[in-house]
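Take 1 as the starting number for the sequence shown in the UniProt record's numbering and just add one per residue. The C-beta atom is built at its ideal place from N, Cα and C for all residues, glycine as well. Note that this is a predicted model, so its numbers are computed, not measured.
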Amino acid sequence: MTSTTPDSVLRDLVWHPGPAELGRSRLAAFLRSVREPDLAALDRRARQDPAAFWGSVTDWLAFDWQRPPTAVLDQLSVPHETRWFPDGRFNLADNAVHRWVRSGRGDDVAVLAEDERGTSRTRTFRGLADEVDRAAGGLRSLGVAPGDRVGMQLGMTVESVVLQLACALVGAVVVPVFSGFGPGAVADRLRRSGAVVHVVAAAVVRRGRTVPLRAQTAEALAEAPSVRRTVVVGSPEPGTRLPGELSWEALLASGAPAAAVPLAADHPLLIAYTSGTTGAPKGVVLSQAGFAVKAASDAAFCFDVGPGDVACWVTDPGWIMSPITVLGGLLAGSAVALYDGAVDHPDPERLWRVVRRLGITMLGVSPTLVRTLAAADPDLAAPDLGRLRVLASSGEPWTPDAYAWLFDTIGRRALPIINYSGGTEVSGAILSNTTTRPIHPCGFAGPLPGMAAEVAGDDGEPLRDGVGELVLRAPSPGMPTTFWGEPKRYRRTYWDRWPGTWVHGDSVEVVPGDPPVWYIRGRSDDTLKVAGKRVGPAEVEGIANGVPDVVESAAVGVPDPVKGEAIMVFLRLAAGADEGAARAAVAAAVVQRMGKPLRPKAVLVVDRLPRTRSGKIMRRVVRTVHLGEDVADVTALEDPAALDAIRAAR
Numbered sequence: 001m002t003s004t005t006p007d008s009v010l011r012d013l014v015w016h017p018g019p020a021e022l023g024r025s026r027l028a029a030f031l032r033s034v035r036e037p038d039l040a041a042l043d044r045r046a047r048q049d050p051a052a053f054w055g056s057v058t059d060w061l062a063f064d065w066q067r068p069p070t071a072v073l074d075q076l077s078v079p080h081e082t083r084w085f086p087d088g089r090f091n092l093a094d095n096a097v098h099r100w101v102r103s104g105r106g107d108d109v110a111v112l113a114e115d116e117r118g119t120s121r122t123r124t125f126r127g128l129a130d131e132v133d134r135a136a137g138g139l140r141s142l143g144v145a146p147g148d149r150v151g152m153q154l155g156m157t158v159e160s161v162v163l164q165l166a167c168a169l170v171g172a173v174v175v176p177v178f179s180g181f182g183p184g185a186v187a188d189r190l191r192r193s194g195a196v197v198h199v200v201a202a203a204v205v206r207r208g209r210t211v212p213l214r215a216q217t218a219e220a221l222a223e224a225p226s227v228r229r230t231v232v233v234g235s236p237e238p239g240t241r242l243p244g245e246l247s248w249e250a251l252l253a254s255g256a257p258a259a260a261v262p263l264a265a266d267h268p269l270l271i272a273y274t275s276g277t278t279g280a281p282k283g284v285v286l287s288q289a290g291f292a293v294k295a296a297s298d299a300a301f302c303f304d305v306g307p308g309d310v311a312c313w314v315t316d317p318g319w320i321m322s323p324i325t326v327l328g329g330l331l332a333g334s335a336v337a338l339y340d341g342a343v344d345h346p347d348p349e350r351l352w353r354v355v356r357r358l359g360i361t362m363l364g365v366s367p368t369l370v371r372t373l374a375a376a377d378p379d380l381a382a383p384d385l386g387r388l389r390v391l392a393s394s395g396e397p398w399t400p401d402a403y404a405w406l407f408d409t410i411g412r413r414a415l416p417i418i419n420y421s422g423g424t425e426v427s428g429a430i431l432s433n434t435t436t437r438p439i440h441p442c443g444f445a446g447p448l449p450g451m452a453a454e455v456a457g458d459d460g461e462p463l464r465d466g467v468g469e470l471v472l473r474a475p476s477p478g479m480p481t482t483f484w485g486e487p488k489r490y491r492r493t494y495w496d497r498w499p500g501t502w503v504h505g506d507s508v509e510v511v512p513g514d515p516p517v518w519y520i521r522g523r524s525d526d527t528l529k530v531a532g533k534r535v536g537p538a539e540v541e542g543i544a545n546g547v548p549d550v551v552e553s554a555a556v557g558v559p560d561p562v563k564g565e566a567i568m569v570f571l572r573l574a575a576g577a578d579e580g581a582a583r584a585a586v587a588a589a590v591v592q593r594m595g596k597p598l599r600p601k602a603v604l605v606v607d608r609l610p611r612t613r614s615g616k617i618m619r620r621v622v623r624t625v626h627l628g629e630d631v632a633d634v635t636a637l638e639d640p641a642a643l644d645a646i647r648a649a650r
C-alpha cells in the first residue's frame, strides 16, 4: 500500500475519550477502587510495590480460587525465578466459564462463531460448560493426566475454545499449532512438547476451497512418536488411519463429565512455540493463574470488555492473540466471537458484515490485514459496524496510510484504535493504548502499570531520548515459568544481559510531549546502527513506503567497512512499476528525510518478502539470506520461496 498520508493529516487523527468512554471504562472503575487519580499514579504505585499492585488487580477480577493464595509472590531478588500466588490453587476453565454459570449468567451467550461458508453457531455459558466438561472427561478416558500435553491444530471454531478449556479443566497442557503449518512444523512442535494426544481439523476452508489435512497430519504424526491418540474434528475424508483415531463426537461421548481440578497457580496452561532465525522454536510455558490474571486484566483495562460485550480478534488459535482474546475475554465476563476463514472472501466487506451480524463490540486486526483490505477497496464508504466501539491492533508497526484508513474510513474518527504490543512471552501487552487517554496515530500511550517498562541505552541505563531497548525492571504474572525443556535458554534469552532486567527485544522510542507518545521502531536485533547512530528499520520503511509504486519494504543493516553498518532496502513494487526510478526515488527520499549519512548502500527489488504466517516481514531472515548465511528455522515462513527472491536480488 503506497503511503500518501502527510504528517499534517496524521496530527489531526488523534482520538480523545468522551464522557461515554470515561463513564463506562473498566480501567476507570479499577482506578476508583484503588483510590488512584490516574494511570501515572497507578504506574508509580505498581513500580514501588508490585505485589500490592498485582494483588489489587487479582482482587478486582474476583476470581474463584479453590484455595486462595496467602501471598501474591514469593520473592523479587531473582526475578526469573519469581513464583506468583505460590500456595494458591486455581483453575482457569472454572473461572472462564463455570464461575459465570454459578453467578446466574448461565443463559448469557458465551461464544458466537461463523465460518467462511456462512454457518453460524452459538454457545451459552451453561452450554459451553457442559461441552467443556464432556470434552475433559473424554480426554481423561484417553488417559490424559494433569501435565500431559495435547496438540491443537484447529481453526477459530467452537471446538478450539472447548478444547483449550477442557485441557485447563483437568490440568492438561495445550500446545497450539498454527492451522496452516506444514507437516514438518507440526511434527517439530508435537515432538518437542511430547504431546500424547493431537486434536486436528479434518480440513480447512479458505477462499471457498476445502483443503483436507489427513495426509499431512499422517506425515507429521509419523515423526511425532509420543502421540498415541488423534481426535479429528469435522467429517473425515478417506485415507490413512491416524494413530488411535477417533472423532470429536466420540471424544465427547467417551467419558463421564469431568470437574475442575484444583491446580497449583503455576501449573502449565499452554506451551506456545515462537520461532526465530537462529536455533529451534522456543517453547514458552505460560501458567494457569499467571496467564489468567494478565489476559483478563488486559481484556478489561486495554480493550474495555466485560459482561455485555463481544470480543473478537482476526487470528488463528496457533497465535497468542487467540488465547489472549478468547480466554482473557471469557475470564473478564465478555462473550467472544470467532470467524474461521478468509475475512476478505468473497469480497473485502465480508469482515464488516461479520462484525455487524455477530454484534462485535471489540475487534482486533493486524496492520497487514488492514493494508490488504484498504488496497482491495480504497474508496469504501464507511460501513455499518453495528455495536462496535473499540478497534485494536497488534503484531507489527503501523504504516500511516493503513492507520488513517482504519481510523478515518472505517471508524469515522469515532472509534479508538488500541495499539497493543507485548506478546507470547508476557501473556499480553507491555505497551498499550486505553479508552481513557488520547490516542496518537501509530503510537502507544505508554507502558501498562505493573509491567515496569523503560527504554534502555546500550549500557542498560535509562535512555532519555532516542531509540533504545524496551526493558522490564520487574517480573509480572504472565511471564513464562520456563521454556519447555530448556530452562537455561529462557534465562539466557531474556534475563542475562543486564542484572534483574528483562530485555524484550523491541526497539522503542519515546517522543516527548504532553503526554509523551511511545513508538515501536522494530525488533531491537533489527535495529540499524550506522556510524554510531541507532535507526529503527520501521522509520526507513515508512519513508520507502511513501514513494509511489512501493507496495512494501524491508530495511536491514549490512556490514560496512567505514560506517560499521549500512542500510540496505528491499522493495516490492506494484505491477508495471519502473524499477530503476523507484530505487532512485527511495534512496533520495531517505536522504531527504534522514540525511546523507543514512543514504542506503543499495536499494534492491524483489517480487516478494519473507513473512511469518501471521504477516510479519522477517527482516532478520532478509539480512541472513542476503549475506549468504544459513537460516536455522524456516517453519514460521509463510512462503519459503521468498528466500530465493532475496538470494537472487542484486
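Original post:
With which residues is Leu573 paired in a DSSP beta bridge?
Top reply: Its beta-bridge partners are Val550.
**OP:** Please find out if some non-hydrogen atom of the ligand MG comes closer than 7 Å to the beta-carbon of Arg26.
**Re:** In terms of ligand content, the structure shown is empty, and the ligand MG therefore cannot be addressed.
Subject >> As assigned by DSSP and simplified to three states, the class of Ile320 >> reply: Residue state for Ile320 is assigned as coil, using DSSP reduced to three classes.
Subject >> Ala648, DSSP secondary structure in three states >> reply: Looking at Ala648 - three-state DSSP - the assignment turns out to be helix.
Original post:
Do you know whose CA, among Arg89, Asp49, Ala41 and Ser235, lies nearest Phe63's CA?
Top reply: Closest in alpha carbon position to Phe63, among Arg89, Asp49, Ala41 and Ser235, is Arg89.
Subject >> Nearest neighbour of Val34, chosen from Ala52, Pro17, Ala20 and Glu21 [CA to CA] >> reply: Nearest C-alpha to Val34 among Ala52, Pro17, Ala20 and Glu21: Ala52.
Original post:
Cβ atoms of Phe30 and Trp60: under 8 Å apart, would you say?
Top reply: A contact, by the Cβ cut-off of 8 Å.
**OP:** Look at Pro212 and Ala202 and say whether their C-beta atoms are less than 8 Å apart.
**Re:** A contact, by the Cβ cut-off of 8 Å.
Subject >> Arg192, buried or exposed, once every other Cβ within 10 Å from all chains shown has been counted against 16 >> reply: Burial check for Arg192: the Cβ neighbour count within 10 Å reaches 16 or more, so the residue is buried.
**OP:** Provide the residue span of the alpha helix (DSSP H) that contains His626, from first to last.
**Re:** His626 -> alpha helix (DSSP H) spans Arg619 to His626.
**OP:** Assign Gln153 to one of three DSSP states: helix, strand, or coil.
**Re:** Here Gln153 sits in strand by DSSP.
Subject >> Distance, Leu76 Cα to Asp49 Cα >> reply: So the two alpha carbons sit approximately 11 Å from each other.
**OP:** List the endpoints of the continuous alpha helix (DSSP H) containing Val503.
**Re:** Per DSSP, Val503 belongs to no alpha helix (DSSP H); it is in the beta strand (DSSP E), Trp502 to Val511.
**OP:** Would you give the residue range spanned by the alpha helix (DSSP H) that Leu351 belongs to?
**Re:** Here the alpha helix (DSSP H) through Leu351 covers Arg350 to Leu358.
Original post:
Where does Phe444 sit, in a helix, a strand or coil, going by DSSP?
Top reply: Assigned with DSSP and collapsed to three states, Phe444 falls in strand.
**OP:** Look at the alpha carbon of Val370 and the alpha carbon of Glu539, and state the distance between them as a whole number of angstroms.
**Re:** So the two alpha carbons sit approximately 19 Å from each other.
**OP:** Would you identify the three-state DSSP class for Phe181, choosing helix, strand or coil?
**Re:** Under the three-state reduction of DSSP, Phe181 is assigned to coil, being neither helix nor strand.
**OP:** Report the residue ranges of all beta strand (DSSP E) runs contained in full by the stretch 356-418; include only those spanning at least 3 residues, in chain order.
**Re:** As far as the stretch 356-418 is concerned, its whole beta strand (DSSP E) runs of at least 3 residues are 362-365 and 390-393.
Subject >> Beta-carbon spacing of Gly290, Phe483 below 8 Å >> reply: Note that the C-beta distance between Gly290 and Phe483 is not below 8 Å.
Subject >> Residue environment, Thr230, which counts as buried when at least 16 other CB atoms sit within 10 Å >> reply: Classification of Thr230: buried, given that the 10 Å Cβ count is 16 or more.
Original post:
Can you tell me whether DSSP reads Lys282 as helix, strand or coil?
Top reply: DSSP places Lys282 in strand when its eight states are reduced to three.
Original post:
Counting along the chain, where does the beta strand (DSSP E) carrying Ala602 start and finish?
Top reply: Note, Ala602: beta strand (DSSP E), Ala602 to Val605.
**OP:** Taking 8 Å as the cut-off, decide whether the C-beta atoms of Arg206 and Ala375 are in contact.
**Re:** No, the Cβ-Cβ distance between Arg206 and Ala375 is not below 8 Å.
Subject >> Which of helix, strand or coil DSSP assigns to Pro146 >> reply: It is coil, neither helix nor strand.
Original post:
Any chance the stretch 490-501 sits against the stretch 435-449, with 3 or more Cβ pairs inside 8 Å?
Top reply: Two segments are said to touch when three or more pairs of C-beta atoms, one from each, lie closer than 8 Å; by this definition the stretch 490-501 does not touch the stretch 435-449.
**OP:** Determine the direct distance from the alpha carbon of Asp38 to that of Arg134, and round the result to whole angstroms.
**Re:** Put simply, the backbone Cα of Arg134 is about 45 Å away from that of Asp38.
**OP:** Give the DSSP-derived three-state secondary structure of Leu269 in the structure shown.
**Re:** In this structure, Leu269 counts as strand in the three-state DSSP scheme.
Original post:
Mapping DSSP to helix, strand and coil, what is Thr325?
Top reply: The DSSP-derived three-state label of Thr325 is helix.
Original post:
What residue does the alpha helix (DSSP H) around Val158 start on, and which one ends it?
Top reply: Taken as a continuous stretch (DSSP letters only), the alpha helix (DSSP H) holding Val158 covers Val158 to Val170.
Subject >> Beta-carbon contacts of Val591 that lie in its chain and below 6 Å, excluding the five residues immediately before and after >> reply: Cβ neighbours of Val591 beyond the five flanking positions: Arg599.
Original post:
In this structure, what does DSSP give as the bridge partners for Val540?
Top reply: According to DSSP, which records beta bridges pairwise, Val540 is partnered with nothing at all.
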